[in-house]
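Residue numbers for the sequence shown follow our numbering, beginning at 77 and rising by one.
Where a beta carbon is used, it is the ideal one built from N, C-alpha and C, also for glycine.
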Amino acid sequence: MKKKILTGLALVCLSSATLADPEEHGCGWGALIFEGQSGLVPYVLASLTNGTASNALFGMTSNTNGCQTHHPMPYGGKSWFAAADFADDIVEDIAKGEGEALDALAVMIGIEKEDRAYFNQLTHDNFNTIAPSSEVTGDQLMTAIDSLLSNDERLAKYVVS
77 MKKKILTGLA LVCLSSATLA DPEEHGCGWG ALIFEGQSGL VPYVLASLTN GTASNALFGM
137 TSNTNGCQTH HPMPYGGKSW FAAADFADDI VEDIAKGEGE ALDALAVMIG IEKEDRAYFN
197 QLTHDNFNTI APSSEVTGDQ LMTAIDSLLS NDERLAKYVV S
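Okay, structure coming up:
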């Protein structure tokens with residue numbers, strides 16, 4: 077049983093290490109210790125180090141340990157939003173003023189339940205600003221929503237600066 081758990085843990089650590097940009101160790105103590113090194117071994121060691129004592133989580137919430145949370149998370153050179161091919165569903169729901177994709181986005185942004193109806197209405201009312209054309213990209217959509225939230229007194233608290 078212990079062998080299976082250790083094998084599973086090793087696979088999770090290795091798979092998460094290989095999914096990220098090979099030139100970047102992320103943030104946390106591992107990123108600081110292995111800064112400038114490349115290759116699988118330092119990358120895995122940095123990933124494992126970052127997993128200890130939740131130092132990367134602490135760094136992300138306090139903007140320390142080399143962690144910054146003000147830019148989109150990359151996934152294969154694209155933001156998670158663009159990579160998930162989520163933009164079309166969001167645009168459709170914003171046009172309607174409701175929907176599962178818009179609800180999921182609100183949850184991902186961290187919008188509290190009591191503010192979600194207001195968020196839905198605000199995005200719906202500003203549809204033409206958020207999606208000025210049918211060719212809007214996921215990154216453009218998120219930038220527009222971020223700007224909209226930043227300028228709204230009630231929802232500005234959800235913008236990570």
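Taking all protein chains in view, the Cβ of L231 is crowded by 16 or more other Cβ atoms within 10 Å, so the residue is classified as buried. Secondary structure at A232: helix, using DSSP grouped into helix, strand and coil.
Straight-line spacing of the CA atoms in T213 and A163 works out to 7 Å. At the C-beta level, I166 and A182 stay beyond 8 Å of one another.
T125 sits buried, since 16 or more C-beta atoms from the chains shown fall within 10 Å of its C-beta. Rounded to whole angstroms, the Cβ separation of T199 and I170 is 5 Å, and the two are in contact under 8 Å.
In terms of Cβ geometry, Y119 and I187 do not form a close pair [threshold 8 Å]. Excluding the 5 residues flanking it on each side, L224 has same chain C-beta neighbours closer than 6 Å at N202, in chain order. Counting only the Cα atoms, E174 lies some 9 Å from E168.
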